[in-house]
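See below for the structure under consideration.
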Ligand SMILES: [Zn+2]
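In our numbering, the protein residues as written are 9 to 450.
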């Protein structure tokens with residue numbers, strides 16, 4: 009029984025790091041999975057509950073955002089052109105002390121709406137008041153891996169609270185929500201807190217989503233204080249023994265590569281943040297050589313301004329070529345492999361996501377291909393990396409359900425979200441001297 013038949017689309021498929029492009033295909037979805045892919049006309053449309061005519065549209069796997077702080081869209085555009093220490097201590101952490109649970113709910117819906125419009129169907133979110141984020145995800149219809157961000161100064165009791173959150177929401181929204189631990193970063197928690205987090209993750213059979221080695225200074229600080237790198241600290245405390253999303257990891261040592269290579273971790277790569285904050289760029293070629301998965305991420309919208317994965321994809325390629333002064337590094341095929349397969353691996357979901365194949369979960373974005381900026385179209389992979397825009401996204405399906413159809417969001421009332429966010433802005437933008445949720449080490 010076919011619940012949804014996407015008829016006569018083109019498909020960008022990407023098995024084993026080889027971009028394939030199929031024209032005039034029908035995709036049948038039964039329940040939440042892809043049940044058949046055939047040349048147009050070979051699947052009986054009379055048997056389908058619903059038929060979506062998709063002639064001229066390009067089907068790509070739903071985009072995956074491997075590291076975000078989605079509700080930070082509430083502060084979008086408030087902090088620009090400042091050094092990273094001031095970015096945290098004078099802006100982000102004072103501003104975040106203004107947040108209430110309800111603010112986070114509306115911020116999450118705003119960010120989820122933006123992502124659906126940009127073809128993103130799965131996000132790893134790392135934030136506070138995560139019950140509200142989970143409620144927003146449930147309503148939006150997206151898939152999410154949710155981690156409640158915690159700091160060492162909150163005391164180890166806070167781990168009990170996040171474990172309760174994990175139990176409340178694990179497998180919720182028909183399996184679309186998974187929950188992991190969200191230990192903030194080695195520099196903000198210290199080794200003992202990391203050790204306890206790893207123990208809890210083992211007990212609960214969940215992963216950990218954390219930040220690591222974002223700047224050379226963080227690595228230096230760790231060496232001075234603990235005699236080991238932040239990655240070594242993750243290894244020694246057991247964090248790298250469970251599936252782990254490592255946000256950023258721009259400055260791994262030679263030794264760190266070996267530790268990462270043998271672990272079930274993946275790197276979340278968010279180049280727009282690195283470029284804007286002048287942080288440098290991650291050694292993606294060396295991660296690839298070491299077999300360490302890398303996926304794309306937006307980070308929070310205060311540093312990256314958008315939650316647009318297509319934009320991050322383009323910036324990743326350009327930044328890698330520029331950093332190497334070599335136009336041959338980060339090919340189109342490699343970039344697409346990171347975008348789809350790599351991101352699914354980082355989310356520990358490569359079995360179910362990252363490609364349009366029979367048996368995979370039905371997370372699909374359909375892109376228009378008739379824009380002047382993508383014509384002529386010799387190679388849709390090249391178009392996606394170097395020319396496509398989020399605005400080309402036409403229709404979005406997650407877990408077999410339509411979330412956007414021909415540019416219209418079906419699960420979120422955009423006007424209501426804008427109204428709710430607008431009435432909070434004056435209060436949210438205030439910075440009270442001395443009030444902040446954490447302190448970035450100078
Ligand atoms: Zn982050």
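C-beta atoms are modelled at their ideal positions from N, C-alpha and C, and glycine is treated no differently.
Straight-line spacing of the CA atoms in residue 371 and residue 441 works out to 45 Å. Straight-line spacing of the CA atoms in residue 301 and residue 348 works out to 11 Å.
Per DSSP, reduced to three states, the secondary structure at residue 131 is strand. When rounded, the separation of the alpha-carbon atoms in residue 216 and residue 384 is 44 Å. In the DSSP assignment, residue 74 falls within the beta strand (DSSP E) that extends over 71-76. The beta carbon of residue 273 lies closer than 6 Å to those of 248, 252 and 254 in the same chain, with the five residues before and after it left out. Excluding five sequence positions before and after residue 388, the CB atoms of its chain that fall closer than 6 Å to its own CB belong to 20, 29 and 66, given in chain order.
With respect to residue 310, residue 80 sits close: the two C-beta atoms are nearer than 8 Å. Relative to ligand 1, the nearest heavy atom lies less than 7 Å away from the CB of residue 255.
Residue ranges of uninterrupted alpha helix (DSSP H) with 4 or more members, entirely inside the segment 103-127 and ordered along the chain, are 109-125.
Taking the CA atoms as reference points, residue 109 sits about 6 Å from residue 140. In the DSSP assignment, residue 29 forms a beta bridge with 20. Excluding residues up to 5 positions away in sequence, 402 and 403 lie with their Cβ nearer than 8 Å to the Cβ of residue 414 in the same chain. Judged by the Cβ position, residue 307 qualifies as a neighbour of ligand 1 at the 7 Å threshold, a heavy atom of the ligand being closer than this. Judged by DSSP in its simplified three-state form, residue 325 adopts helix. Annotation for residue 277: the continuous beta strand (DSSP E) segment containing it runs 273-277.
Under DSSP, no beta-bridge partner is assigned to residue 402.
The DSSP-derived three-state label of residue 138 is helix. Of the residues assessed, residue 205 falls on the buried side of the cut-off, its CB having 16 or more other CB atoms within 10 angstroms. Closest in C-alpha terms to residue 434, from the list 97, 89, 162 and 103, comes 103. Annotation: residue 368 is outside any beta strand (DSSP E) and is labelled neither H nor E by DSSP. Look at residue 237 here: in three-state DSSP terms it is coil, with no helix or strand label.
Of all C-beta pairs linking the segment 109-128 to the segment 340-357, fewer than three are shorter than 8 Å, placing the two stretches out of contact.
When DSSP reads this structure, residue 56 sits in a beta bridge with 10. Residue 9 counts as exposed, since fewer than 16 other C-beta atoms from the protein chains shown sit within 10 angstroms of its C-beta. Placement of the Cβ of residue 277 at a distance of 7 Å or more from every heavy atom of ligand 1 is found. Take residue 201, set aside five residues on each side of it, and the residues of its chain with a beta-carbon closer than 6 Å to its own are 160, in chain order.
Looking at the DSSP output, residue 220 bridges to 256. Of 245, 237, 275 and 277, the smallest CA-CA separation from residue 262 is found for 237.
Annotated as distal: residue 72 and residue 134, with beta-carbon spacing of 8 Å or more. Distances taken from the Cβ of residue 75 to the heavy atoms of ligand 1 include one shorter than 7 Å. Residue 400 and residue 17 have their C-alpha atoms roughly 15 Å apart.
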